[in-house]
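Chemist:
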Amino acid sequence: MALNRLSEETSPYLQQHKHNPVEWWPWCQEAFEEAQRLDKPVLLSVGYAACHWCHVMAHESFEKEDTAELMNRLFINIKVDREERPDVDTLYMTALQELGEQGGWPLTMFLTPDGMPFFGGTYFPDKPRFGKPSFKDVLVNVARVYAQEKETIAQNTAYLKQRLTPRLNYGAAPEFSEAQLAAIAAKFIGAIDPTNGGLRGAPKFPNTTIFQFLWRAGLRYNLKTCIEEVKNTLLHICQGGIYDHLGGGFSRYTVDERWLVPHFEKMLYDNALLIEFMTEVWKETQSDRLKTRVAETIGWLKRDMIVPGGAFAASYDADSEGEEGKFYVWTAREITDILGHGEEAAIFAQTYDVTEGGNWEGKTILNRLKALALLNGGEERAMDECRAKLFAERERRVKPGWDDKVLADWNGLAIRALARAGDAFAQPEWIVLAADAYGFVKSRMIENGRLFHSWRDGKLKGPATAADYANIISAALVLHQVTGEAGYLDDAVEWTAIMNRHYDAEQGGYYFAADDTSDLILRPLSASDDAVPNANATMLQNLADLYTLTGDAAYLKRADGLLTAFQGAAQTMAIGYTGLLSGALTLISPQSIAIAGDRAGPDAAAWRRALAEVSLPGATVQWVNPDEDLPASSPAFGKKAIDGKTTAYICFGPRCSEPITDPAILKDRLKEERAVSVQVAASPV
């Protein structure tokens, strides 16, 4: 009888594998001790609950007795939830990429008994196909090489150890200039799909961090093409099949270049990043479509993603009843049975691409790619009614699996997004949602003064990563600016001190894992973005904000050191470092708006509306009571309300505007002041 050790784990992904005939271990020191005792290689399998191809490999291989027999005889087998241990996933995914393989999940890595990787891949089929060998053949061959070719193993591990060891000195590089950042943004345009938006080709990911940089640079340097490509990208994402037109929320990516066919998993982080980004672009465009998508996606979060206590769950699965997308797709007959044959039903079919033959495997993925423009008001209201009917029917279906673990870093992204959206759209209940989730993290995910990464069923799992702290610090800073509550700023200061103490990379930046995370062979160190902004990129913005809000020059010094540490790498491979590039825009010329006046006063709403009608990403907003002063380091230090009126000051770098006492003038002046005239120079990407 196989001894599967996953039944006591809290991760829904690990729970999915607790009945496998594989003798799975969770990630633990005991598993490696057993590998050393038996001199067996380790098979590390990393996935997550919403991963379609993880399910496929499980059904084809891990649930089969003959495959499990090979695994159990030849290997010590460890199963990891990448969302519960992102540090483990980051380390071994980087190793796979250093072997020249494309990353993805499931991640299948082979390790020596001391944890050093020597071979790997992603999904392996049960029979040779897709240009891949069968998983059983891989198992046999890897075990043979480990037993008979020790020199090969030693060479591979030595190479990977050298490649994985963090380099604290990335080489001398010139400081970023305005002209260089403008040139990088302009050159990115060549990588953008001019028809469908997004990066060229398939699959299509939202790549929010890249497009946020393009948006910021477009506004700052008056690069109209960048601005238009961002708007076109969001248009297609909002109207494509990647969006759930009935229930709200976005899938992780589409397999095609038109944004039509998603892998249907819905992740908290994607939706948080898109809510925040759509809000920022809406502030400039006042697009009804973006406003609607933000509201609908927050509606989905509120309806389907909140766990008891107020935090947000991790994801919904791609599969239901063993089929990918079954919950989301329709036949034309099903839609006709619900909507009938009238004029409104005909308009719905034309608008949402409903045909007899379907648009995916004989079924219909609802989308508006052939009807990008909004209909007239009456027709849109009719579509709302049709969608409500279909949604009510869909709620009767078997829902995809729900991964209800709470992740600190992803919740930080959601808190920040909700606070910003609530402020911009004058929706205080969204700010309450953000505050509730923040309260959950602060009250339930801290033990002995330290944050943990994951919570489920009252149990904390996984040491906090730098991303956990960076995102929660960012969330606290935004909540402070939106609500004016000093406690959030105090928290940000305290958590940044913990970052500096336990994640410090000495010559600048932050390690991904803390100095007391004892179960990793190496501590990853990078500033390149993945699906979410890198922790170092987020901290660059956080440090700049903390300097503006507290006046403590140590934050500015730390930010300068961080950017210096990674700017050489960012200048070599800019498209992988767009989060850091956005932070560089902030650091080169910090932007802040100081408002002297009562934030709860009768005219405060007009000032908030003015701020909500101009995009100024990266800027800090400080409300100061008339009898208070800003920090002495602030360029607006000493500036007061004029004649008892609420008064604003726009500060770009060390220069502040004249006092502004009319919110309408504030809006116009912000648009004038944010732009920088530069000569665009050639720059590598």
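Residues 2 to 686 (the working numbering) are what the sequence shown spells out, left to right. Glycine residues also receive a C-beta, built at the ideal position from the N, C-alpha and C atoms. Nothing here was measured: the structure is a model prediction, and the numbers come from that model.
(1) Using 10 angstroms around the beta-carbon of D385, count the other beta-carbons present and answer buried if the total reaches 16, otherwise exposed.
(2) If you reduce the DSSP assignment to three classes, tell me which class F111 lands in.
(3) Using alpha carbons as the reference points, say which of Q351, A422 and F265 lies closest to A296.
(4) CA-CA distance, T11 and E85?
(5) In whole angstroms, what separates the C-alpha of F441 from that of G105?
(6) Can you give me the start and stop residues for the alpha helix (DSSP H) that Q572 sits inside?
(7) If you drop the 5 nearest sequence neighbours on each side, which residues of the same chain put their C-beta closer than 8 Å to that of Y512?
(8) Please report the Cβ distance between N368 and D354, rounded to the nearest whole angstrom; I am assuming they are in contact, meaning their Cβ atoms lie under 8 Å.
(9) Count the CB pairs spanning the stretch 226-242 and the stretch 182-196 that are closer than 8 Å, and state whether there are at least three.
(10) Please check the pair I474 and A493, which I expect to be a contact at CB under 8 Å, by giving their CB distance rounded to whole angstroms.
(11) Buried or exposed, going by whether 16 or more other CB atoms sit within 10 Å of the CB of L4?
(12) What residue from I211, R610 and T298 has the CA that sits closest to N535's CA?
(13) With DSSP as the reference, identify every bridge partner of I651, one or two as the case may be.
(14) Cα separation between A420 and V407?
(15) Does F362 pass the burial test, meaning 16 or more other C-beta atoms within 10 Å, or should it be called exposed?
(16) Mind checking if R334 is an interface residue toward chain B, Cβ cutoff 8 Å exclusive?
(17) What separation, rounded to the nearest whole angstrom, lies between the Cα atoms of V43 and A69?
(18) How about A319 and F265: are their beta carbons less than 8 Å apart?
(19) If you check the beta carbons only, do N233 and G191 fall under 8 Å apart?
(20) Tell me the rounded alpha-carbon separation between C52 and I661.
(21) For the stretch 293-308 and the stretch 390-398, state whether three or more C-beta atom pairs, one from each stretch, are separated by less than 8 Å.
(22) Which first and last residues belong to the alpha helix (DSSP H) in which Q751 is found?
(23) Return the chain-ordered list of same chain residues with a C-beta closer than 8 Å to the C-beta of T356, the five sequence neighbours on each side being excluded.
(24) Measure the C-alpha to C-alpha separation of M2 and L39 and round it to an integer number of angstroms.
(25) Return the residue from the list N501, T647, R382 and F119 that minimises the CA-CA distance to P627.
(26) Is the separation between the beta-carbon of N157 and that of F119 shorter than 8 Å?
(27) How many Å lie between P685 and L667 at the Cα?
(28) Using a Cβ-Cβ cut-off of 7 Å (strictly less than) and excluding sequence neighbours within five positions of Y556, which residues of its own chain qualify?
(29) Excluding the 5 residues flanking R559 on each side, which residues of the same chain have their C-beta closer than 8 Å to its C-beta?
(30) On a Cα-Cα basis, can you pick out the residue from E34, L261, E380 and D127 that is closest to L370?
(31) What is the DSSP secondary structure of T255, reduced to helix, strand or coil?
(32) From the DSSP output, which residues share a beta bridge with R451?
Modeler: In brief:
(1) Within a 10 Å sphere around the beta-carbon of D385 sit fewer than 16 other beta-carbons, which makes this residue exposed.
(2) Of the three classes helix, strand and coil, the one that applies to F111 here is strand, per DSSP.
(3) Here the closest residue by C-alpha is A422.
(4) In a straight line, the C-alpha of T11 is about 10 Å away from that of E85.
(5) F441 and G105 have their C-alpha atoms some 31 Å from each other.
(6) Unbroken alpha helix (DSSP H) run through Q572: A554 to T573.
(7) The answer, listed in chain order, is P167, A467, Y504, D505, A506, R524, P525 and L526.
(8) Right, their Cβ atoms sit about 5 Å apart.
(9) Flag = yes, the stretch 226-242 and the stretch 182-196 touch.
(10) Taking C-beta atoms under 8 Å as the contact rule, I474 and A493 qualify, at a distance of about 5 Å.
(11) Exposed, since its Cβ has fewer than 16 Cβ neighbours within 10 Å.
(12) Measuring from the Cα of N535, the nearest candidate turns out to be I211.
(13) Beta-bridge pairing links I651 to I594.
(14) If I take the Cα positions, the gap works out to 19 Å.
(15) First, the residue type needs correcting, since residue 362 is Glu and not Phe in the sequence shown. Per the 10 Å Cβ criterion, exposed.
(16) Included in the structure is just one protein chain, with no chain B present.
(17) Straight across, the Cα-Cα distance linking V43 with A69 is about 14 Å.
(18) Closer than 8 Å, so yes.
(19) No; because the gap between Cβ atoms is not below 8 Å, this pair is not in contact.
(20) About 52 Å.
(21) Because the criterion of three Cβ pairs below 8 Å is not met, the stretch 293-308 and the stretch 390-398 do not touch.
(22) The question about residue 751 has no answer, for the chain in this structure spans 2 to 686.
(23) Around T356: A333, A350 and T365.
(24) Only weak support exists for where M2 lies, its pLDDT of 46 falling under 50; the coordinates are left without a value.
(25) When each option's Cα is compared against that of P627, the closest is T647.
(26) Yes; because the gap between Cβ atoms is below 8 Å, this pair is in contact.
(27) Residue confidence is low: P685 scores 45 on pLDDT, short of 50, so the model does not pin down where it sits. Its coordinate-derived value is still stated next. Put simply, the backbone Cα of P685 is about 37 Å away from that of L667.
(28) The beta carbon of Y556 is closer than 7 Å to those of L544, L547 and Y548 in its chain, skipping five residues each way along the sequence.
(29) Apart from the 5 residues on each side of it in sequence, R559 sits with its Cβ closer than 8 Å to the Cβ of N501 and L544 in its chain, given in chain order.
(30) Ranking E34, L261, E380 and D127 by Cα distance to L370 puts L261 first.
(31) Note: T255 maps to strand in three-state DSSP.
(32) Answer by DSSP bridge pairing, in chain order: E448.
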